[in-house]
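Reviewing the structure listed below.
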Amino acid sequence: MGKLAIISDLHVDINKFTLHDLLEIGTYIKDAGATRLHIAGDITNHFSREGNEIIQTLNSILPTTFNFGNHDMLDTNNIENNKTPGFLNFTPLNLNSDTVLLPFNGWYDYGFARGETDEQPPDKIVADYKNKYWIDKFIKRSESDPVISQKQAMHLISLLDDFQKQSKRVIIATHFVPRQEFIMYPAPFDRKAVTWRALGGVLGSKKIGDVISNYSETATDVVFGHIHARDGVKNINNINWHCRPIGYRYEWSFTKKWLSSHGEPQNFHFAKHPEEQAAFVQDMHRNWDEVLDNAFTMFDY
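Just add 747 to wherever you are in the sequence shown, counting from 1, and you've got our numbering.
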């Protein structure tokens, strides 16, 4: 018997996590009972330079695997078949004779985009917004976003067919959102809100979520991130869908409470105030239970 912990959206560079911080995070998760760790994407914007050291550091605490999120893809050309040890993309990991971890990067197909009402806008509009506003415009892909997602969906069907025939329990880890129930759309009261409604199309893949929903007899759980909302778990179509990303430091409830207790505004810029930043980091080290509250998902196997 063991326990698998899955986290996502570590964002080591943006959160300014040091290797010592990573050791403490890994130790906290191990002390919570985990015997192995999987990261469902968005480890760092500089994966080709920092990724291997990050994974090795966590691996020194407990066995660690990972798949990519969009931020990890920014500076690597080898997105689908990366050679970094621990990378799993459509590579099943047998946890025991009955249970399989199936990680894959995921992508998006514009199916979650919405216009000023609830209609889905044309793909060209979503693609234009993405290429104007979204960081993913810097990721080099050889095919269109819907085509990439369609190919992933077909690959997923093939694997889940086999696992269902073998009566396996499958835990899926992916980065992008597979269910619309987790996406919040702003009311279309101005141009910015209308843009954000269309950009729902780059948050995940409706097709991939629909595929998984057809395999509720074998796929018991799906863990993802990308949206930085610790929504916990929703049971939909007899499958547990878990969203518990770590997210950016300024989004943490711990940070908001810390700023409030120190009389600072919520838009406080730590980089401009090194003494306050040092005090915050010191308190962060003392309070990983608050920082990581509802930020990882555990499974017995």
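C-beta: ideal position from N, C-alpha, C; glycine also.
These numbers come from a predicted model, not from an experiment.
Residue burial classification, Gln899 (beta-carbon count within 10 angstroms, cutoff 16)
Locating residue 899 in the sequence shown gives position 152, counting from the first residue. Buried is the call here.
Contacts around Ile753, its chain only, beta-carbon distance under 7 Å, and the 5 residues preceding and following it disregarded:
Numbered from 1 along the sequence shown, position 6 holds the residue referred to as residue 753. Excluding residues within five positions, the ones whose Cβ falls inside 7 Å are His785, Ala787, Ala920, Val970, Phe1043 and Thr1044.
Under 8 Å: do the stretch 933–943 and the stretch 976–992 share three or more Cβ pairs, one atom per stretch?
no
Would you mind working out which of Glu1011, Trp1005 and Phe1015 sits nearest Gln1029, comparing C-alpha positions?
Taking the sequence shown and counting its residues from 1, one reaches residue 1029 at position 282. Nearest option by C-alpha distance: Trp1005.
Please state if the CB of His922 and the CB of Gly853 are separated by a distance shorter than 7 Å.
Position 106 of the sequence shown, counting from 1, holds the residue named residue 853. Position 175 of the sequence shown, counting from 1, holds the residue named residue 922. Going by C-beta atoms, Gly853 is nearer than 7 Å to His922.
Any idea what DSSP makes of Arg916, helix, strand or coil?
Against the sequence shown, residue 916 aligns to sequence position 169. Arg916 falls in the strand class under three-state DSSP.
Any C-beta of chain D sitting closer than 7 Å to the C-beta of Gly979?
Structure shown: chain D not included; a single protein chain is present.
I'd like to know if the stretch 883–903 and the stretch 844–861 are in contact, where contact means that at least 3 CB-CB pairs between them fall below 8 Å.
yes
Following the continuous beta strand (DSSP E) through Lys981, name the residue where it begins and the one where it ends.
For the purposes of this step, residue 981 is taken as the residue at position 234 of the sequence shown. Taken as a continuous stretch (DSSP letters only), the beta strand (DSSP E) holding Lys981 covers Gly979 to Ile983.
Start and end residues, alpha helix (DSSP H) containing Asp875:
By one-based count along the sequence shown, residue 875 stands at place 128. First-last of the alpha helix (DSSP H) with Asp875: Asp870 to Tyr880.
Is it buried or exposed for Phe1027, if we count other Cβ within 10 angstroms and need 16 for buried?
The sequence position of residue 1027 within the sequence shown is 280, counting from 1. Under this definition Phe1027 is a buried residue.
Starting from Asp1047 and walking both ways along the beta strand (DSSP E), at which residues does that stretch end?
Start at 1 with the first residue of the sequence shown, and residue 1047 comes out as number 300. It spans Thr1044 to Asp1047 - the beta strand (DSSP E) in which Asp1047 sits, taken as one unbroken run.
Expressed to the nearest angstrom, what Euclidean distance is found between the alpha-carbon atoms of Phe1046 and Asp937?
Locating residue 1046 in the sequence shown gives position 299, where the first residue counts as 1. Locating residue 937 in the sequence shown gives position 190, where the first residue counts as 1. Using only the alpha carbons, I get a separation of about 43 Å.
Ala944, enclosing alpha helix (DSSP H) - first and last residue:
In the sequence shown, the residue the question calls residue 944 occupies position 197. It is worth fixing the name first, because residue 944 is Arg in this sequence and not Ala. From DSSP, the alpha helix (DSSP H) with Arg944 extends over Arg938 to Ala945.
CA nearest to the CA of Ile866, picked from Pro992, Gly947, Tyr995 and Pro1012:
Looking up residue 866 in the sequence shown gives position 119. The question names Ile, yet the displayed sequence has Glu at residue 866. Nearest C-alpha to Glu866: Gly947.
Can you give me the start and stop residues for the alpha helix (DSSP H) that Asn806 sits inside?
Numbered from 1 along the sequence shown, position 59 holds the residue referred to as residue 806. Asn806 -> alpha helix (DSSP H) spans Asn799 to Asn806.
Is Tyr962 closer than 7 Å to Leu751 when the C-beta atoms are compared?
Sequence index remark: in the sequence shown, residue 751 carries index 4 (1-based). Sequence index remark: in the sequence shown, residue 962 carries index 215 (1-based). Not a contact, by the Cβ cut-off of 7 Å.
Would you list the one or two residues that DSSP bridges to Asp968?
Translated into the one-based positions of the sequence shown, residue 968 becomes position 221. Ile918 and Asn987.
If you reduce the DSSP assignment to three classes, tell me which class Gly951 lands in.
Residue numbering aside, residue 951 sits at position 204 when the sequence shown is read from its first letter. Reduced to three states, the DSSP call for Gly951 is strand.
Grab the span of the alpha helix (DSSP H) containing Val1028 for me, first residue to last.
Position 281 of the sequence shown, counted from the start, is the residue given in the question as residue 1028. Looking at the DSSP string, the run of the alpha helix (DSSP H) that includes Val1028 is Pro1021 to Arg1033.
Return the residue from the list Glu928, Val949 and Glu800 that minimises the CA-CA distance to Trp881.
For the purposes of this step, residue 881 is taken as residue 134 along the sequence shown, with counting starting at 1. The shortest C-alpha separation from Trp881 is found at Val949.
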